[in-house]
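Novice: Here the protein sequences come in this chain order: A and B. Using our numbering, the letters of the first sequence map in sequence onto residues 1113 to 1223. Using our numbering, the letters of the second sequence map in sequence onto residues 22 to 136. Cβ atoms here follow ideal geometry from the backbone N, Cα and C, with glycine treated the same way. One structure, as structure tokens, below. Some questions next.
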Amino acid sequence: GESVGLHLPTLSVQEGDNSIINCAYSNSASDYFIWYKQESGKGPQFIIDIRSNMDKRQGQRVTVLLNKTVKHLSLQIAATQPGDSAVYFCATAQGSYIPTFGRGTSLIVHP
Amino acid sequence: DTAVSQTPKYLVTQMGNDKSIKCEQNLGHDTMYWYKQDSKKFLKIMFSYNNKELIINETVPNRFSPKSPDKAHLNLHINSLELGDSAVYFCASSPTSYSLTDTQYFGPGTRLTVL
Chain A
1113 GESVGLHLPT LSVQEGDNSI INCAYSNSAS DYFIWYKQES GKGPQFIIDI RSNMDKRQGQ
1173 RVTVLLNKTV KHLSLQIAAT QPGDSAVYFC ATAQGSYIPT FGRGTSLIVH P
Chain B
22 DTAVSQTPKY LVTQMGNDKS IKCEQNLGHD TMYWYKQDSK KFLKIMFSYN NKELIINETV
82 PNRFSPKSPD KAHLNLHINS LELGDSAVYF CASSPTSYSL TDTQYFGPGT RLTVL
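Here you go:
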């Protein structure tokens, strides 16, 4: 069955550094990938998505990289700020099926 | 302006009780969802409704019954609450009725504690 996991449950970085959050997925038929950010006490919030016909997509300070060969997804955050501290989820979907969420990585940004 | 709202934010109750959580979205979206997030932050889809009709019902005990009086509301009623039901429950909505991969907008969550 589908499983979506993250390499590291917690990532600590210094303010101003770049952060890289990784995600591995198992379903090679997945064609849509999303990153969500969940701040403490709040619901998940969409950050960025990418479809399988792309291998890179950039947003404001965030970049998502997709490597379909090894079924790996990463979220890069440039110049990490204290406000970036949150739990980050990757989610994958196949066709029009609802996305499956991974277990989350907690990003801690130290001032 | 609140996009997806849930009430209550916190709910503490005894085992065996029946409780409801309400959700409303003012985004004009066609599809709404209920998710359960466990203590390890794992998010699992429970139900999805499109224009008041159930389209996804994952393996959830039948003690959980969603009700959608209109497309802006999706309430979750839970009968005979058990300790394992303790979790944070999130409501979400997405724009269209033809793609479940639309961006989902989540509510703030309801933390349910069953004693």
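Counting contacts by CB-CB distance shorter than 7 Å, is A:V1221 in contact with chain B?
Specialist: Taking the first sequence and counting its residues from 1, one reaches residue 1221 of chain A at position 109. Taking a beta-carbon distance threshold of 7 Å, A:V1221 does not count as an interface residue toward chain B.
Novice: Taking just the CA atoms, how far does B:A93 sit from B:A24?
Specialist: Walking along the second sequence from the start, residue 24 of chain B turns up at place 3. Walking along the second sequence from the start, residue 93 of chain B turns up at place 72. Straight-line Cα distance between these residues: approximately 11 Å.
Novice: Spatial neighbours of B:V81 within its chain, please: C-beta separation below 6 Å, excluding the five flanking residues on both sides.
Specialist: Reading the second sequence from its first residue, position 60 is the one you call residue 81 of chain B. Within the same chain, B:V81 has close Cβ partners M67.
Novice: Would you tell me roughly how many angstroms separate the C-alpha atoms of A:E1114 and A:T1212, rounded to the nearest one?
Specialist: The residue given as residue 1114 of chain A occupies position 2 in the first sequence. The residue given as residue 1212 of chain A occupies position 100 in the first sequence. Bear in mind that the predicted position of A:E1114 carries a pLDDT of just 41, short of 50, making it unreliable; the figure below should be weighed with that in mind. Roughly 8 Å separates the two Cα atoms.
Novice: Compute the beta-carbon to beta-carbon distance between B:A108 and B:K57, rounded to the nearest angstrom, for a pair I have assumed lies under 8 Å.
Specialist: Here the question's residue 108 of chain B lines up with position 87 in the second sequence. Here the question's residue 57 of chain B lines up with position 36 in the second sequence. Indeed, because the Cβ distance is near 5 Å, the residues count as touching under 8 Å.
Novice: Between the C-alpha atoms of A:L1177 and B:S69, what's the straight-line distance to the nearest angstrom?
Specialist: As a position in the first sequence, residue 1177 of chain A is number 65, starting the count at 1. As a position in the second sequence, residue 69 of chain B is number 48, starting the count at 1. Using only the alpha carbons, I get a separation of about 29 Å.
Novice: Less than 7 Å between the beta carbons of B:Q27 and B:T134, yes or no?
Specialist: Within the second sequence, residue 27 of chain B is the residue found at index 6, counting from 1. Within the second sequence, residue 134 of chain B is the residue found at index 113, counting from 1. No; because the gap between Cβ atoms is not below 7 Å, this pair is not in contact.
Novice: Run the CB neighbour count on B:Q35, radius 10 Å, all protein chains shown included, and call it buried at 16 or more, exposed below.
Specialist: Here the question's residue 35 of chain B lines up with position 14 in the second sequence. Result: exposed.
Novice: Cα separation between A:P1223 and B:D106?
Specialist: The sequence position of residue 1223 of chain A within the first sequence is 111, counting from 1. The sequence position of residue 106 of chain B within the second sequence is 85, counting from 1. Between A:P1223 and B:D106, the C-alpha separation is close to 37 Å.
Novice: Note down the Cα distance separating A:S1131 from A:G1155, rounded to an integer number of angstroms.
Specialist: Within the first sequence, residue 1131 of chain A is the residue found at index 19, counting from 1. Within the first sequence, residue 1155 of chain A is the residue found at index 43, counting from 1. Cα to Cα, the separation comes out at about 22 Å.
Novice: Pull out every residue of the stretch 26 to 58 of chain B whose Cβ sits closer than 7 Å to any Cβ of chain A, in chain order.
Specialist: none
Novice: At the level of alpha carbons, what is the spacing between A:Q1193 and A:C1135?
Specialist: Here the question's residue 1193 of chain A lines up with position 81 in the first sequence. Here the question's residue 1135 of chain A lines up with position 23 in the first sequence. Going by the C-alpha atoms only, they are around 21 Å apart.
Novice: For the stretch 1174 to 1204 of chain A, which residues have a CB atom closer than 9 Å to at least one CB atom of chain B, in sequence order?
Specialist: V1199, F1201, A1203
Novice: Leaving out the 5 sequence neighbours to the left and right, which residues in its chain are closer than 7 Å to B:I77 when beta-carbon positions are compared?
Specialist: Position 56 of the second sequence holds residue 77 of chain B. Same-chain partners within the cutoff: I66, F68, S69.
Novice: Tell me the rounded alpha-carbon separation between A:I1210 and A:I1162.
Specialist: One-based indexing of the first sequence puts residue 1210 of chain A at position 98. One-based indexing of the first sequence puts residue 1162 of chain A at position 50. Taking the straight line joining both Cα atoms gives about 15 Å.
Novice: Let's test the definition: count the other Cβ atoms within 10 Å of the Cβ of B:Y110 and tell me whether it reaches 16, buried, or not, exposed.
Specialist: For the purposes of this step, residue 110 of chain B is taken as the residue at position 89 of the second sequence. So B:Y110 ends up on the buried side.
Novice: So who's on the other strand from A:D1161, going by DSSP bridges?
Specialist: Within the first sequence, numbered from 1, the residue matching residue 1161 of chain A stands at position 49. A:D1161 is bridged to A:I1146.
Novice: Is any beta-carbon of chain A found at less than 7 Å from that of B:T134?
Specialist: The residue given as residue 134 of chain B occupies position 113 in the second sequence. No - not a single Cβ of chain A is within 7 Å of the one on B:T134.
Novice: Using a beta-carbon distance below 7 Å, is A:S1115 in contact with chain B?
Specialist: Walking along the first sequence from the start, residue 1115 of chain A turns up at place 3. Note that A:S1115 has pLDDT 49, beneath the 50 cutoff, so the model's placement of it is unreliable and the number below is only indicative. Not closer than 7 Å to any Cβ of chain B, the Cβ of A:S1115 fails to qualify, so no.
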